[in-house]
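Okay, structure first, notes after.
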Amino acid sequence: TSQSLCESANTSNNGKATVISSFNVENFTTNAVYLSELLGNVDILAIQEHWLWSFEKSKLETFAAERDFCTTIKCTDEYDPISNRQRMRGWGGCGILWRAHLDQFVKIHNDGNERICVITLDTKPKPICIVAVYMPCTGSKEYDRNYEQCFDEISELTIKFAHHTIIVLGDLNASLIRKQKTTRDKVFLTSIQEINLCVPRNYPSSHTFFHHNDKASSQIDYILAFNDSNFFIETDIYCMSPLNLSSHVP
562 TSQSLCESAN TSNNGKATVI SSFNVENFTT NAVYLSELLG NVDILAIQEH
612 WLWSFEKSKL ETFAAERDFC TTIKCTDEYD PISNRQRMRG WGGCGILWRA
662 HLDQFVKIHN DGNERICVIT LDTKPKPICI VAVYMPCTGS KEYDRNYEQC
712 FDEISELTIK FAHHTIIVLG DLNASLIRKQ KTTRDKVFLT SIQEINLCVP
762 RNYPSSHTFF HHNDKASSQI DYILAFNDSN FFIETDIYCM SPLNLSSHVP
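This is the structure:
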């Protein structure tokens, strides 16, 4: 999901509307070509499923720096790092990338678990807090508990950064538009209502996830604003690109 921010971000982006996007990259290493193209069209990008371990963070940091972007990254083993000798195929992970000229306005916060990244921007008239998330996928009851725990942490962040304009974005692994709502969809809707998160006005109904078997698709990637559906100028969901090897679109 890609969006242009309102005037409050303009002072930190040379008078231009700031474009923020979210993308489940599904393996940074194999989808780097499309990621590079996407970075040419955005100012701030939340990513999910980069599939890097903690000792591999420098790969994404270098990739971003070569394109004049700064980063904050969390990995699946963020709080229990594995060694190179224990290496297996990576999974999960999240991060936020922002253009280097915005870095003077950005502060990185270490709040949240390994599925949550947080930055704030010192903008006028009100600072902005961006919370990038990769929510647990469906599965066992443990996944459902973890899902609710992630929303508990997001709720705490809305309290901590109450004096900011708060944006929550990422792969929420649940849908607001599915006709036959799953239990996860219901938990998602209830959770965002409880903490006053809402989708922007005129939000697209396009799908953001397309299963590789071509038999299923859904809208599970979102950008949400805390108590302000009018914060964004424009909202867009990308079409699938031949370069994009992920089952998600920005």
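Counting from 1 along the sequence shown, just add 561 to a position and that's the residue number in our numbering.
Positions of the beta carbon are idealized from the N, C-alpha and C atoms, including for glycine.
Query raised in the report: In angstroms, rounded to a whole number, what distance separates the CA positions of residue 703 and residue 802?
Result: Between the alpha carbons of residue 703 and residue 802 lies a distance of about 35 Å.
**Report entry** Through-space distance from residue 667 to residue 656, alpha-carbon basis
**Finding:** A direct Cα-Cα distance of roughly 14 Å separates residue 656 from residue 667.
**Report entry** Of the residues 748, 577, 582, the one placed nearest residue 811, counting alpha carbons only
**Finding:** Of the candidates 748, 577, 582, the residue whose Cα lies closest to the Cα of residue 811 is 582.
Query raised in the report: Tell me which same chain residues have a C-beta within less than 7 Å of the C-beta of residue 783, skipping the five on either side of it?
Result: Residues of the same chain with a CB within less than 7 Å of the CB of residue 783, apart from the 5 flanking positions on each side, are 562, 730, 733, 760 in chain order.
**Report entry** Separation of residue 695 from residue 715, as counted between CA atoms
**Finding:** Those two C-alpha atoms are separated by around 12 Å.
Query raised in the report: Fully enclosed by the region 672–728, which alpha helix (DSSP H) runs are 4 residues long or longer?
Result: As far as the region 672–728 is concerned, its whole alpha helix (DSSP H) runs of at least 4 residues are 702–721.
Report task. Measuring alpha carbon to alpha carbon, tell me which of 670, 620, 739 ends up nearest residue 777. Result -> Residue 739 is the option with its Cα nearest to residue 777.
Report task. May I have the straight-line CA-CA distance separating residue 692 from residue 642, to the nearest angstrom? Result -> Between the C-alpha atoms of residue 692 and residue 642 there is a straight-line separation of about 23 Å.
Report task. Taking all protein chains shown into account, decide if residue 744 is buried (16 or more other Cβ within 10 angstroms of its Cβ) or exposed. Result -> Classification of residue 744: exposed, given that the 10 Å Cβ count is below 16.
Report task. Starting from residue 622, trace the alpha helix (DSSP H) both ways and give me its first and last residue. Result -> 618–626 is the span of the alpha helix (DSSP H), which, as asked, contains residue 622.
Query raised in the report: For residue 660, does the three-state DSSP call read helix, strand or coil?
Result: For residue 660, the secondary structure class from DSSP, reduced to helix, strand or coil, is strand.
Query raised in the report: So what does DSSP say about residue 667, is it helix, strand or coil?
Result: Here residue 667 carries a strand assignment [DSSP, helix/strand/coil].
**Report entry** Between the CA atoms of residue 610 and residue 588 - distance to the nearest angstrom
**Finding:** Distance between residue 588 and residue 610, taken at the CA atoms: about 6 Å.
Report task. Express the C-alpha separation of residue 607 and residue 628 in angstroms, rounding to a whole number. Result -> So the alpha carbons of these two residues sit roughly 16 Å apart.
Query raised in the report: Are residue 675 and residue 636 close, meaning C-beta to C-beta below 8 Å?
Result: Their beta carbons are under 8 Å apart, which means residue 675 touches residue 636 by this criterion.
Query - Beta-bridge pairing of residue 809 - partner residues as DSSP gives them - result: In DSSP, residue 809 forms a bridge with 770.
**Report entry** DSSP three-state assignment for residue 635, whether helix, strand or coil
**Finding:** Note: residue 635 maps to strand in three-state DSSP.
Requested in this report: Enumerate in chain order the residues of its own chain whose CB-to-CB distance from residue 763 is below 8 Å, with the five nearest sequence positions on each side excluded.
Outcome: For residue 763, where only same-chain residues beyond five positions count, the Cβ hits under 8 Å are 796.
Query raised in the report: Using the rule of at least 16 other Cβ atoms within 10 Å of the residue's Cβ for burial, across every protein chain shown, is residue 663 buried or exposed?
Result: Buried is the call here.
Report task. Return the bridge partner residues of residue 609 from the DSSP annotation. Result -> Looking at the DSSP assignment, residue 609 forms a beta bridge with 585, 655.
Query - Beta-carbon spacing of residue 725, residue 689 below 8 Å - result: Contact: yes.
**Report entry** Close-in-space but distant-in-sequence residues of the same chain around residue 614 (CB under 7 Å, 5 per side omitted)
**Finding:** Closer than 7 Å at Cβ, skipping near neighbours: 636, 638, 643, 648, 651.
Requested in this report: Since I believe residue 786 is in contact with residue 728 (beta carbons under 8 Å), could you give me their beta-carbon distance rounded to a whole number of angstroms?
Outcome: Contact between residue 728 and residue 786 holds: their C-beta atoms lie close to 6 Å from each other, under 8 Å.
Query - As assigned by DSSP and simplified to three states, the class of residue 600 - result: In the structure shown, residue 600 falls within a helical segment according to DSSP collapsed to helix, strand and coil.
Query raised in the report: How would you label residue 805, buried or exposed, when you count the other beta carbons within 10 angstroms and need 16 or more for buried?
Result: Classification for residue 805: buried.
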